[in-house]
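Structure, as structure tokens:
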Amino acid sequence: MSSDLGKISDALTKGNVDELKEVVQQALDNDAVPADLLNKGLLPGMEAVGQKWKNGEMFMPEVLRCAKAMSGAMDILRPRLAKEDLGSAGKMVIGTVSGDLHDIGKDLAAMMFEGAGYEVVNIGIDQPNEKFVEAAKEHKPTLLGMSALLTTTMPRMGEVINSLKEAGIRDQMAVIIGGAPVTQEFAEEIGADIYAPNAGSAVDLAREYFESKA
Amino acid sequence: MKINQTINKSPQFRVLSEDQIEQIYFSALEVMERTGGVVYHEGALELFKNSDALVEGNRVRIPITMVEEALKSYPRKITLKGRNGKRSLFLEKDMVSFGTGSDLPFTLDMNTGERRNTTYKDVSDASKLVDALSNFDFHMSHGIVTDAPNPQTYDRHQFMAMLENCTKPMVVTSVDGEGLEDLWKMGCLIQGGEHEFRLNPMFVVYIEPISPLKNDSTAVEKLLFAAEKRIPAMYTPCPSSGATAPATIAGMLVQSLAETLLAIVMCHLKNPGMPLIMGGVTTLLDMRKSTYSYGAPELSLASAANTDISKWLNLIMFSTGGCTDAKILDEQAASEQMMNLFYSYLSGANLIHDVGYIDHGTTASLESLVLNQEMIGMVKQFGKGINTDDEHLALDLIEKQGPGGEYVTTDHTFKYWKEWFMPQLQDRSDYETWVKNGSKTMGQRLKERTQHLLDTYQPEPLDEKLRKELKKICEDADKRHM
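Okay, here's the thing in structure tokens:
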């Protein structure tokens, strides 16, 4: 068991997508406890990656490769896990607001959340306000993420939050926003819960937020 | 398969056309025959008298045939080996290296921010940094040791401070011929003998004439000693356009070249084939402040042109960059240093010196060296040019990722992003992250980095026996000059 965890953490921190899938599958075939694979193998591995990223010892392409590996492993593991096993690794709906066709920042954030164990539903770019509400109703995420790169599309984020309120589901999720022109002040003004100045820090900021609420 | 293809492995840059270089060279030859130069050294005058040159008092006029004959005898390549035992500095056409300047009387104290006299400790610290900083290929003293027992022997102590803390090849300065002899003996001790030093010289000696067209006895004494022992040397004119040279860059280049050519003939008469390097700190006299400018754009332009000339003459070039007139390491310093660093690099000069100078060549700054480490990294990145083979054109990848795709997670990105320049001190974070990390300015980051290097970097120590022998040369010199 502990050697399985070692292999998992090793394949994960190396960002080896196929190898990680293989060792996770093997461990499950050998009757490993799925929650242990997540909590003692994958999550500590990603935490180490996150730490190196923060310290400037790992770089975006490397981190995202690890995130991709994590995401692949979670696809295998998720059906075997009970809801309470998932802990902080919740579910996220993310998209770029109406009128905005920029997606790299939002996609990077999505990948980072997948890397942290989240199940991410990426609804894409140029999404009308009602699409966010529909997706929130359908997927029941713990976190809803919105991004805007244009000052002209920024107001849409406030409108989405209002629509969530009107639908009576605003309290069921935290809202995280980001994008180059967005600021902490703006986030507070429109009633978002978390503001992330860049894709790389979003996961950490979300974790801090949930910990403060727990 | 395509034919008639030209691929630029690196960017291409030159200031002068071949016809312009010939104009300047032929003009310098005209100066040699018509104007000549003055030489205040009996031995050298004797050499000229026994040649086809015309000597009248101290004035020497030199026939073109002598110049062109002498020009043929200089090496197109010199390789230096530092005390680290690595033949690391290959001086040949378009091979660029960076190093400090020397002998700055003042130091901008890192801790107090005050300008004060430079000490042995300052030269030691600068030497340590140069050893630690990967973009510095050779070392000059940066500061001048003003607290030596005797100003007449400071050069040996200065060399000692450099040797104790830096293992890279060096460019040294000496008080006079006797000083140079001591430095050369120290160099021979390190390399293992005279012949070893000749094959693997560990330093080049810096010597300069006095513009316009004047050669003082100490400079000539050093130059002739270097010629005799075949010590690599540069004879570097430092004309100030508008004061000690014509106010036109072309005129300054003609005169500067004539000053070099006179040394070329003189060394050839002394000992044909000595490794002489062409030099030049070609800049202007500021007409408002009457200072010799190290930050003027004209310095960059004239220096790059001078390098064009050196390549045409098949001579190795000692040029200037990474220096400024700013009194402290501020916005002026960064902009001026970056400009002359960039163009000296593009010009393909072989030894780019004075990197880190502030206050128009009078003040030393340790943080300035660390700043230049970063800036040299940037200019070298530019020099890498653009690879346009199929793998780099990435057509298959563009097709695969398609419109609206992303490249961050592709193997191609994973492989090639590592070729990018990775800043060590420049801040590219977003505003909030920058604030979170203390809202530090570049100046603050430089100070921290410099202090960290001084606290943690350990240069490879000198062998104890060798150290004693070197020290003895310094002490003997002190005794002789008591």
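First to last, the sequence lines map onto chains A and B. For the first sequence, the residue numbers in numbering that gives the first Met the number 0 are 0 to 213. For the second sequence, the residue numbers in numbering that gives the first Met the number 0 are 0 to 481. Backbone N, C-alpha and C define an ideal beta-carbon position, used for all residues, glycine too.
Item: Residue-level contact to chain A via CB, phenylalanine 413 (chain B), 8 Å cutoff; Value: yes
Item: Reference glutamate 91 (chain B); option with closest CA among B:Ser302, B:Asn349 and B:Thr247; Value: B:Asn349
Item: Own chain, CB closer than 8 Å to methionine 91 (chain A), minus 5 neighbours either side, in chain order; Value: Ala109, Phe112, Tyr117, Glu118, Val119, Val120, Pro140, Thr141, Leu142, Leu143 and Gly144
Item: Closest by C-alpha distance to asparagine 270 (chain B), when choosing among B:Ile230, B:Leu298, B:Gly279 and B:Tyr293; Value: B:Ile230
Item: Short Cβ contact (8 Å threshold) for serine 70 (chain A) with glycine 44 (chain A); Value: no
Item: Near-chain A residues of the stretch 428-441 of chain B - C-beta to any C-beta below 9 Å; Value: Ser428, Asp429, Tyr430, Glu431, Thr432 and Lys435
Item: Own chain partners of aspartate 124 (chain B) with C-beta closer than 7 Å, once the 5 adjacent residues on each side are dropped; Value: Leu365 and Leu453
Item: Rounded distance between the beta-carbons of lysine 167 (chain B) and valine 129 (chain B), thought under 8 Å; Value: 7 Å
Item: Min CB distance glycine 403 (chain B) to chain E below 8 Å; Value: Included in the structure are the protein chains A and B, with no chain E among them.
Item: Closer than 8 Å to chain B by CB, lysine 105 (chain A); Value: no
Item: From B:Met0, B:Val14, B:Gln4 and B:Gln336, residue whose alpha carbon lies closest to that of glycine 347 (chain B); Value: B:Val14
Item: Identity of the residues DSSP links to arginine 114 (chain B) by a beta bridge; Value: B:Leu107
Item: Residues of the stretch 51-79 of chain A with Cβ closer than 9 Å to any Cβ of chain B, in chain order; Value: Phe58, Met59, Pro60, Glu61, Leu63, Arg64, Ala66 and Lys67
Item: Where histidine 141 (chain B) falls: helix, strand or coil (DSSP); Value: coil
Item: Alanine 69 (chain B) vs valine 264 (chain B) beta-carbon contact at 8 Å; Value: yes
Item: Integer-rounded CB distance, given that threonine 362 (chain B) should sit under 8 Å from phenylalanine 97 (chain B); Value: Their Cβ separation, rounded to whole angstroms, is 19 Å, which puts phenylalanine 97 (chain B) and threonine 362 (chain B) out of contact at 8 Å.
Item: Among A:Met59, A:Gln24, A:Val48 and A:Ser97, nearest to glutamate 405 (chain B) - alpha-carbon criterion; Value: A:Met59
Item: Beta carbon of glycine 320 (chain B) nearer than 8 Å to that of valine 369 (chain B); Value: no
Item: Limits of the unbroken beta strand (DSSP E) element including aspartate 125 (chain A); Value: 118-126
Item: Where valine 407 (chain B) meets chain A, residues with beta-carbon distance less than 7 Å; Value: Met59, Pro60, Leu63 and Leu107
Item: Neighbouring residues, chain B, relative to asparagine 197 (chain A) (Cβ below 9 Å); Value: Ser428, Asp429, Glu431 and Thr432
Item: Residues sharing a beta bridge with leucine 79 (chain B), DSSP; Value: B:Leu88
Item: Beta carbon proximity, aspartate 102 (chain A) to chain B, threshold 8 Å; Value: yes
Item: Exposed unless 16 or more other CB atoms sit within 10 angstroms - verdict on methionine 277 (chain B); Value: buried
Item: Exposure of glutamate 165 (chain A), with buried meaning 16 or more beta-carbon neighbours within 10 Å; Value: exposed
Item: Proximity below 8 Å, CB of alanine 301 (chain B) to CB of threonine 281 (chain B); Value: yes
Item: Contact between the stretch 75-88 of chain B and the stretch 326-336 of chain B (3+ Cβ pairs under 8 Å); Value: no
Item: 8 Å Cβ cut-off: residues of chain B touching serine 200 (chain A); Value: Thr432
Item: Terminal residues of the beta strand (DSSP E) in which isoleucine 176 (chain A) lies; Value: 173-177
Item: DSSP-derived helix/strand/coil call for lysine 90 (chain A); Value: strand
Item: Spatial distance of glutamate 459 (chain B) from glycine 382 (chain B) (CA atoms); Value: 31 Å
Item: Under the three-state DSSP convention, the category serine 239 (chain B) falls into; Value: strand
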